[in-house]
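Below is one structure, written out as structure tokens; comments come after it.
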Amino acid sequence: MKGVGNMAETRASENHRLLVSTRNAHKVGEIRAILGDSFEVFDLSILPHRPEVEETGMTFEENATLKAVAASLLFEGWVIADDSGLEVDVLEGSPGVYSARYAGGSATDADNNALLLRNLAGVRGKERSARFRCVIALARAGRKLAAFSGAVEGLIVNEHKGTGGFGYDPLFVPDGYGETFGQLPAEVKNRLSHRAQALEKLREWRGWW
Ligand code: ITT
Numbered sequence: 046m047k048g049v050g051n052m053a054e055t056r057a058s059e060n061h062r063l064l065v066s067t068r069n070a071h072k073v074g075e076i077r078a079i080l081g082d083s084f085e086v087f088d089l090s091i092l093p094h095r096p097e098v099e100e101t102g103m104t105f106e107e108n109a110t111l112k113a114v115a116a117s118l119l120f121e122g123w124v125i126a127d128d129s130g131l132e133v134d135v136l137e138g139s140p141g142v143y144s145a146r147y148a149g150g151s152a153t154d155a156d157n158n159a160l161l162l163r164n165l166a167g168v169r170g171k172e173r174s175a176r177f178r179c180v181i182a183l184a185r186a187g188r189k190l191a192a193f194s195g196a197v198e199g200l201i202v203n204e205h206k207g208t209g210g211f212g213y214d215p216l217f218v219p220d221g222y223g224e225t226f227g228q229l230p231a232e233v234k235n236r237l238s239h240r241a242q243a244l245e246k247l248r249e250w251r252g253w254w
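Given below as structure tokens:
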């Protein structure tokens, strides 16, 4: 019979290795900063072949699951994937799951931001309400084990402000603040963001214990 001590050791060492299945280096940086020392976070560069995943899902959870499960077939251990995006109310939730490719398949963040500002021309004040959403899927050995979600409400400003963060950060002012995620210190974003909320739930997942 395995001693309790051994089992605890096994569990602890496994829990500390977490592969993030993403091609977005900004996400990995934020996930590392948010999780701190509680997990050892790897990115896809540790795999000889990165999984090719088509994001065919209609929801953040479906796409996060596709990405996590695909990588978990190539890595022995815990794998997470983040699918996230911006929902703008007056645009009926767009760009949503298409946030990364809002202005087309090879769109840059600048292209996406410019299109969003064009689509909001003439929309004022509270009508510019939006939220960032994130779903983190957890998988192991080809199976999805859980999904954790987070959302942060805010407003879209009229022009880019700040150079921090990535994606739509220079256009998004979280509720209760007077600056965009591009202007606020990274520590502030990483405390209140959609990603931070989802990762807090991951950290508390009862399957770890
Ligand atoms: P992976 O699929 O490889 O993880 P991706 O960037 O394509 O990378 P998504 O499909 O989840 O990821 O698209 C997320 C997009 O949503 C991202 O490219 C940004 O445009 C936007 N986004 C998500 N989280 C954001 C954040 O914290 N700040 C700003 N923009 C964000």
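Heads up: the sequence shown at position 124 corresponds to 169 in the numbering used here, and the numbers run straight through without jumps.
All residues carry an ideal CB built from backbone N, CA and C; glycine is no exception.
CA-to-CA distance, residue j to residue i, given in whole angstroms
i    : j    : result
L190 : T101 : 20 angstroms
W253 : D82  : 15 angstroms
F84  : L63  : 6 angstroms
L165 : V114 : 36 angstroms
N157 : S129 : 15 angstroms
L244 : A192 : 10 angstroms
I79  : R236 : 8 angstroms
Y143 : F217 : 17 angstroms
A283 : D127 : No statement about residue 283 is possible, as the shown extent of the chain runs from 46 to 254 and does not include it.
K206 : Q228 : 6 angstroms
P140 : G223 : 23 angstroms
Residue i, DSSP secondary structure in three states
i    : result
M46  : Note that M46 scores a pLDDT of 36, beneath 50, so its modelled location is shaky; the value from the coordinates is reported in the next line. If DSSP states are grouped into helix, strand and coil, M46 belongs with coil.
W254 : coil
S238 : coil
R188 : strand
S174 : strand
A116 : helix
F105 : helix
V133 : strand
Residue from the options whose Cα sits closest to the Cα of residue i
i    : options                   : result
H71  : K234, G138 and E198       : K234
L161 : S129, P215, V197 and G122 : P215
Y213 : D220, E204 and G221       : E204
F211 : V98, L131, S194 and I91   : L131
V124 : D134, N69, V218 and A109  : A109
S174 : E106, E137, A184 and T104 : E137
G209 : P219, G221 and F226       : F226
G221 : G207, L200 and K206       : L200
Contacts around residue i, its chain only, beta-carbon distance under 8 angstroms, and the 5 residues preceding and following it disregarded
i   : result
V73 : V65, T67, V86 and D88
P96 : S66, L89, K112, A115, A116, L118 and L119
Contacting residues, own chain, Cβ-Cβ under 6 angstroms from residue i (five flanking each side not counted)
i    : result
V98  : L111, K112 and A115
G122 : R62
L92  : L119
Whole-Å CB distance - residue i paired with residue j, under 8 angstroms assumed
i    : j    : result
V197 : R176 : 6 angstroms
Sequence-distant residues of the same chain with beta carbon closer than 7 angstroms to residue i, five excluded per side
i    : result
H239 : S129, F177, R178, C179, G195, A196 and V197
R146 : A152
K246 : F193
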